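S.K.: Okay, here's the structure, questions in a sec.
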Amino acid sequence: MATVAPPQLPQMPREKLPKGEVLCEYCSAKCCQYFALEIDAPKSKADFDYIRWYMVHGQVSVFVEDGVWFLMVHNRCNHLLENNLCGIYETRPQICRDYSTDNCEYDDDACYEKLFETPDQLWEYAEAVLPMSKPKKRKRTQLPLVTVAN
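Under the numbering used here, the very last position in the sequence shown is 155; numbers go up by exactly one each time.
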C-alpha cells in the first residue's frame, strides 16, 4: 500500500501566528517525521565503520550539532494524521508531551555543522580526518633471470 504525502500547508512565520492559535496546526510536522539519538563521536576507522553500518539500513543519516554526533532515523510517526496533527494526542508518549513548540523546528532551515546522508559521504569524511595508515611493506620478490637466446 503506497503512502501518500500529506498536503503541504502554507507556512506562516511564527511571529505572525494569530493569538491563541496552535503552531502545530500550521506545521508540516518535521518533528514527527524522524527521531535522532546521540551517538559517541567516532575516533577510529572501526567507529566510522559501525556508523556506516547504521546508515546502510535505510532512511538513516548522521549529523553533528555543537560538536555532538546524532544518528537520525527518518520515519514518519504511525500516529501522524494527514493534517499533520497527532492521532493519539491524549495518550501520546512522554517524550512527545515534553516537546515544546517554543524552540521547535517549525521555521528552522535544518543546517547542521556536519550532515552525512549516505554511507559514502561518511566514509569519505573518515578518510579525510583519520590519520593516514602506513602502507605495509611488501617483501621484494626476486624475479627469475631470463636468458635471451640469439
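Every residue, glycine too, gets a C-beta built ideally from N, C-alpha and C. Small disclaimer: the values here were computed from a predicted structure and weren't measured.
1. Hey, alanine 34 and leucine 85 are a contact pair by Cβ (cut 8 Å); roughly how many whole angstroms apart?
2. I need the straight-line Cα distance from glutamine 38 to glutamate 26, nearest angstrom please.
3. Would the stretch 62 to 80 count as touching the stretch 107 to 126 if we require 3 or more Cβ pairs under 8 Å?
4. Give me whichever residues DSSP pairs with isoleucine 44 in a beta bridge.
5. Looking only at its own chain, which residues have a Cβ that is under 6 Å from the Cβ of histidine 79, when we skip the five neighbours before and after it?
6. Would the beta-carbon of glutamate 110 fall within 9 Å of that of cysteine 36?
7. With H, G and I counted as helix, E and B as strand and the rest as coil, what does DSSP make of cysteine 32?
8. Closest to leucine 202 by CA distance: which of Ala41, Thr123, Asp112 is it?
9. For the alpha helix (DSSP H) that lysine 50 lies in, which residues bound it at each end?
10. Measure the beta-carbon distance from valine 2 to proline 124 and round it to whole angstroms, keeping in mind my assumption that it falls under 8 Å.
M.R.: In terms of the structure at hand:
1. Cβ atoms of alanine 34 and leucine 85 come within 8 Å of each other, at about 6 Å.
2. Taken atom to atom, the span from the alpha-carbon of glutamine 38 to that of glutamate 26 is near 22 Å.
3. By the Cβ criterion, the stretch 62 to 80 is in contact with the stretch 107 to 126, since at least three pairs of Cβ atoms, one from each stretch, lie closer than 8 Å.
4. Trp74, per the DSSP bridge assignment.
5. Answer for histidine 79: Tyr39, Gln64, listed in chain order.
6. It is a contact, given that the beta carbons lie within the stated cut-off.
7. Coil at cysteine 32, not helix or strand.
8. It is not possible to answer for residue 202, since the shown part of the chain is limited to 6 through 155.
9. 50 to 60 is the extent of the alpha helix (DSSP H) around lysine 50.
10. Past the edges of the chain, shown from 6 to 155, lies residue 2, and the structure says nothing about it.
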